[in-house]
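Contents: one structure, followed by commentary.
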Amino acid sequence: MHSPKPPLSIEISKSNIIHNINFVRQLIGDDVVYGSVVKGNAYGHGIEEYCKIAFEAGVKQFCTYTANEAYKVWKTTNGEADILIMGFIDTSELEWVISNEIEFFVFEELRLKDAIRVAKKVQKKALVHIELETGMNRTGFPLPKLNKVLSLIEESKAYVETRGVCTHFAGAESISNYHRVKKQQSRFKKTVKLLKDTGQLPKRVHSACSAAVIAYPKTIHNMVRVGILQYGFFPSREILVNYMSKNPEVEMLPKRVLTWKSKVMDIKDVKPGEFIGYGTSYFANVPTKIAIVPVGYALGFNRNLSNLGKVLIQGQRLSVIGTVNMNALTVNITDLDNINIGDEVVLIGNQDDMEISVSSFYDQGNLPNYELLTRLPSEIPRIVVS
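Counting in the numbering used here, the sequence shown runs from 119 upward without gaps.
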C-alpha cells in the first residue's frame, strides 16, 4: 500500500510558470540576473517542484531565506544552481554552506567573523553579499559601519569573497511608503557610487523586488529578487494599476500557477430550525442540503472564511456555511440535485467557466495573498500539470 495522502491536492501549472518567468524577463531585460525568490516553500507552491521547472526554464539563481531551503534547492538542481541565502543560517550550517559555494547575506559582524573562521577551516572562500540598512530597520549593516566591514573583508580576502551588495525596500508595493522607499533608493545609490569610485563594488548589485521592478524601475541594477510575480500575482492592486497605466494595451499578464482541490466527503439534509456545525453561526430556516469537504484551517482554509468562503462544485459557485472546522468545511448545495460523494471541489482555481481566485480569498478573509499561499501546508501533495 502506498503511503496515504491528505484529502486534497495542489496542482502546479508548468506552462504558467514558464509564462511568468518570461513575463519577468520582459520587465528586467536579458542582461539582469533573475533571482527567483523561493522562500516559504516557494510561496506555498512547493520548493522542489517549482525550482525543478524554473531551473529547466533557464533560471539559474535562486534566493532562499534559510539554509534548510537552500539545501532543498541544491538537491533539486543537483548542485548546479546559484543559491543565495537571504536570512537565517545557524553557525553549525556554515560549513555546509561554504563548502558547497552557497552565497549568503552578511548583515552583522558576528556572522561575517564566523564565516571567515569556518572558511579557514574548510579552506574555501565564503561567498557573501553585504546587506545594507537603508531604512527598512530589519537586517543590514548601518551605512556608517560599511568601511569597517570592508576592512574586515579585505584583511581576510583569502577566505571571503564579496559577491554582491544589496538592500531591501520597506513596502514598495504601496504608495503610502513612497517617500520612505525613495529615501532608501537614494541612500543605496550613493553607497553603490562610493563603492564604484573606490574600486570596491562587487559583481552583483540588487535591491528590486517584484513591486520595485514595476513601480521603481530605476532600482533594477544588474540583479533582481523576484517572488510573488513569478507565481502569477501582482504584489498589490496599486502595482497592478501602475503596470496597466504604463502598458494600457498589454496582452501578456502573469498567470496563476496554483490550483487547490479536494473532494466531497459526505452529503446530508438538515431540517429547518437546526443549526449547522459548531455553535450557532448558521441557522437553517429552510430545508438545507449540505456537502462536507475534508478541508479546514489545519490544511490552510482560513477559519475567517466561515459563512463567507466560496468553492466550486460541478461548475457552480457555492457558499461555505457554518464555522470552518480544523479538518472540514460545509457547503450549501440546496439548489443542486446532481452532486455526489467524490465530486471534485475547487478551493482555488477554475472549474468549467467559473473561477475562485486567490484574491477572492483575501478579500473575504482579510488575508494577504502572500500569507494565504505560504500557509498552505507542505504535506499537501503538489502535482505538476502541463
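Here a beta-carbon is modelled for each residue, glycine too, at the ideal position from N, C-alpha and C.
Through-space distance from residue j to residue i, alpha-carbon basis
| i | j | result |
| --- | --- | --- |
| G483 | E279 | Because the pLDDT of G483 is 48, which lies under 50, any placement of that residue in the model is unreliable, and the number read from its coordinates should be weighed accordingly. Between G483 and E279, the C-alpha separation is close to 46 Å. |
| N196 | D208 | 23 Å |
| E221 | K321 | 13 Å |
| C169 | W378 | 19 Å |
| K311 | E272 | 19 Å |
| E167 | M370 | 24 Å |
| L153 | T252 | Inspection of the sequence shows that residue 153 is occupied by Gly rather than by Leu. Distance between the alpha carbons of G153 and T252 is about 21 Å. |
| S504 | E462 | 19 Å |
| F419 | V442 | 8 Å |
| L423 | I498 | 20 Å |
| I293 | R305 | 19 Å |
| Y400 | R374 | 33 Å |
| I248 | N425 | 48 Å |
| A330 | P366 | 19 Å |
| I128 | Y349 | 14 Å |
| D509 | I216 | Here the chain covers residues 119 to 504 and nothing more, so residue 509 does not appear. |
| A175 | D315 | 37 Å |
| A288 | K301 | 10 Å |
| N468 | L202 | 35 Å |
| G258 | M341 | 18 Å |
| K266 | L212 | 22 Å |
| V299 | E473 | 35 Å |
| V191 | R343 | 16 Å |
| N295 | T285 | 16 Å |
| K389 | A290 | 52 Å |
| D470 | G433 | 5 Å |
Contact set for residue i: own chain, Cβ-Cβ below 8 Å, skip 5 residues either direction
| i | result |
| --- | --- |
| I451 | I385, K407, I408, A409, I431, L436, I457 |
| E219 | K242, L245 |
| K157 | C181, T182, Y183, T184, E187, M204, G205, G345 |
| A446 | M383, I410, V411, P412, V413, G414 |
| Q144 | M370 |
| T492 | G158, N159, Y161, G162 |
| N505 | Nothing in the structure corresponds to residue 505, since the chain is present only between 119 and 504. |
| S475 | R374, I466 |
Sheet register partners of residue i (DSSP bridge)
| i | result |
| --- | --- |
| M341 | V151, H324 |
| F306 | BP columns for F306 are empty, so no partner. |
| L245 | E279 |
| N468 | E473 |
| R500 | I128 |
| V463 | S380, I431 |
| P412 | Answer by DSSP bridge pairing: none, since P412 is not bridged. |
| D453 | None; D453 has no bridge partner. |
| S437 | K428 |
| C169 | Looking at the DSSP assignment, C169 forms no beta bridge with any residue, so it has no partner. |
| P122 | Its beta-bridge partners do not exist; DSSP assigns none. |
| I201 | F180 |
Other residues of its chain near residue i: CB distance less than 7 Å, five sequence neighbours each side excluded
| i | result |
| --- | --- |
| Y277 | I234, A237, K238, K243, A244 |
| T337 | Q303, S325, A326, A330 |
| V533 | Only positions 119 to 504 of the chain appear in the structure, and residue 533 is not among them; the question remains open. |
| E392 | A402 |
Minimum C-alpha distance to residue i - residue among the options
| i | options | result |
| --- | --- | --- |
| F352 | C327, H339, Q469, S380 | C327 |
| P125 | P495, S504, V502 | P495 |
| L268 | V224, K389, K157 | V224 |
| L417 | S475, S363, A402, L490 | L490 |
| K275 | L230, D149, L250, L202 | L230 |
| H297 | P372, I439, A333 | A333 |
| E226 | V299, V438, K263, S354 | K263 |
| I394 | T448, V368, N255 | T448 |
| N282 | V299, L319, K307, E291 | Note on residue identity: the sequence assigns Gly, not Asn, to residue 282. Nearest option by C-alpha distance: L319. |
| P335 | H137, G391, T398, V142 | V142 |
| V502 | A172, Y488, V359, Y361 | A172 |
| V150 | L376, Q179, D387 | Q179 |
| K308 | L250, E356, M444 | L250 |
| P372 | S121, S133, K123, P405 | S133 |
Nearest-angstrom beta carbon gap, residue j and residue i [assumed within contact, 8 Å]
| i | j | result |
| --- | --- | --- |
| Y183 | I346 | About 14 Å; that fails the 8 Å criterion. |
| L454 | V429 | 12 Å between Cβ atoms; not a contact. |
| K381 | G460 | 6 Å |
Contact set for residue i: own chain, Cβ-Cβ below 6 Å, skip 5 residues either direction
| i | result |
| --- | --- |
| R500 | I128, I130, G164, E167 |
| R421 | Y415, V442 |
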